[in-house]
Ligand SMILES: [Zn+2]
Ligand SMILES: [Zn+2]
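Laid out in structure tokens, this is it:
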């Protein structure tokens with residue numbers, strides 16, 4: 001992140017409503033813009049420009065109903081606004097000294113930078129996995145989480161499409177983490193980038209990881225399109241966000257995951 005831009009952002013006084021509104025509006029444009037850009041580029045590349053290469057790797061055979069993408073973009077716009085307001089409140093909380101965010105990389109040992117990213121991702125994963133399982137309880141599912149599952153066949157446009165309550169619960173976790181865990185601003189930027197990249201890849205509905213990926217030390221820890229496509233098709237498995245470990249520990253990994261991943265496409269027989 002450009003340091004002058006960052007300095008300007010964190011040194012401006014947001015105590016009057018106009019300045020706060022402008023900050024939230026600016027964050028909304030950035031958050032919504034990155035969603036459109038990211039989902040749009042993934043969609044164009046995998047579904048249009050290079051469609052011939054990827055067509056036989058599509059995981060779901062159900063066609064997307066007309067209007068699905070439009071609805072997903074509408075929900076994503078609402079969530080972008082929620083993330084923008086929460087983000088703006090986070091900037092103010094930082095200015096007021098309520099967070100453990102630091103800007104001087106020397107403030108902690110350098111080894112703490114990757115460690116803090118790992119810890120923050122672990123906390124986010126743990127929070128999301130259990131929240132996600134809770135949201136699959138029938139009442140909460142109908143009230144909140146069903147919006148996300150309206151997309152039976154997901155696409156990059158599904159990555160930010162959920163009910164505003166779910167959006168709010170997702171938006172507050174990083175500000176809560178930084179209340180207790182010291183994070184450098186670059187670690188926050190890295191985590192946000194990983195969050196966006198992972199959500200887009202996981203909703204692609206086309207497996208893009210290499211065939212031997214699950215056999216590698218790193219690959220087997222990451223959720224990808226096959227893993228999350230099974231969540232959208234089977235509902236009761238694969239609740240994780242970035243990583244597979246909670247689904248393994250919680251015995252909620254789909255029995256079809258390994259087979260479908262190795263097969264590189266959907267297996268007709270549902271488990
Ligand atoms: Zn779900
Ligand atoms: Zn999903």
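In my numbering, the protein residues as written are 1 to 271. Ideal Cβ placement from N, Cα and C applies to all residues, glycine included.
Requested in this report: Could you tell me whether the Cβ atoms of residue 237 and residue 260 are closer together than 8 angstroms?
Outcome: Contact check for residue 237 against residue 260 fails: the beta carbons are separated by 8 angstroms or more.
Query - Every unbroken alpha helix (DSSP H) inside the segment 102-181 [4 residues or more] - result: If we require 4 residues or more, the alpha helix (DSSP H) runs fully inside the segment 102-181 come out as 112-135, 146-149, 164-171, 173-180.
Query raised in the report: For residue 90, does the count of other Cβ atoms within 10 angstroms reach 16, so buried, or fall short, so exposed?
Result: Burial call: buried.
Report task. Name, in chain order, the residues that DSSP records as bridge partners for residue 58. Result -> For residue 58, the beta-bridge partners assigned by DSSP are 206.
**Report entry** Span separating the alpha-carbon of residue 44 from that of residue 200
**Finding:** So the two alpha carbons sit approximately 13 angstroms from each other.
Query raised in the report: Do the segment 107-123 and the segment 204-211 meet, that is, are 3 or more Cβ pairs less than 8 angstroms apart?
Result: Here the segment 107-123 does not lie against the segment 204-211, with fewer than 3 beta-carbon pairs under 8 angstroms apart.
Query raised in the report: Going by DSSP, what residues sit across from residue 184 in a beta bridge?
Result: Partner(s): 102.
Requested in this report: Indicate whether the contact test is met: 3 or more Cβ pairs, each with one atom in the segment 78-85 and one in the segment 160-171, closer than 8 angstroms.
Outcome: The segment 78-85 makes contact with the segment 160-171, as at least three CB pairs between them are under 8 angstroms.
Requested in this report: Identify whether residue 20 lies in helix, strand or coil by the three-state DSSP scheme.
Outcome: It is helical.
Query raised in the report: What are the uninterrupted segments assigned as beta strand (DSSP E) that are 3 or more residues long and contained completely in the segment 30-89, given in chain order?
Result: Along the segment 30-89, the beta strand (DSSP E) does not occur as any fully enclosed run of 3 or more residues.
Query raised in the report: When every heavy atom of ligand 1 is checked, does at least one fall within less than 7 angstroms of the C-beta of residue 132?
Result: Under cutoff, so the answer is yes.
Requested in this report: Would you mind working out which of 154, 197, 171, 243 sits nearest residue 229, comparing C-alpha positions?
Outcome: That would be 154, whose Cα lies nearest to the Cα of residue 229.
Requested in this report: May I ask you to report which of helix, strand or coil DSSP gives residue 200?
Outcome: Note: residue 200 maps to helix in three-state DSSP.
Report task. Can you have a look at residue 256 and say buried or exposed, based on whether 16 or more other CB atoms are within 10 angstroms of its CB? Result -> By the neighbour-count rule (16 or more Cβ atoms within 10 Å), residue 256 is buried.
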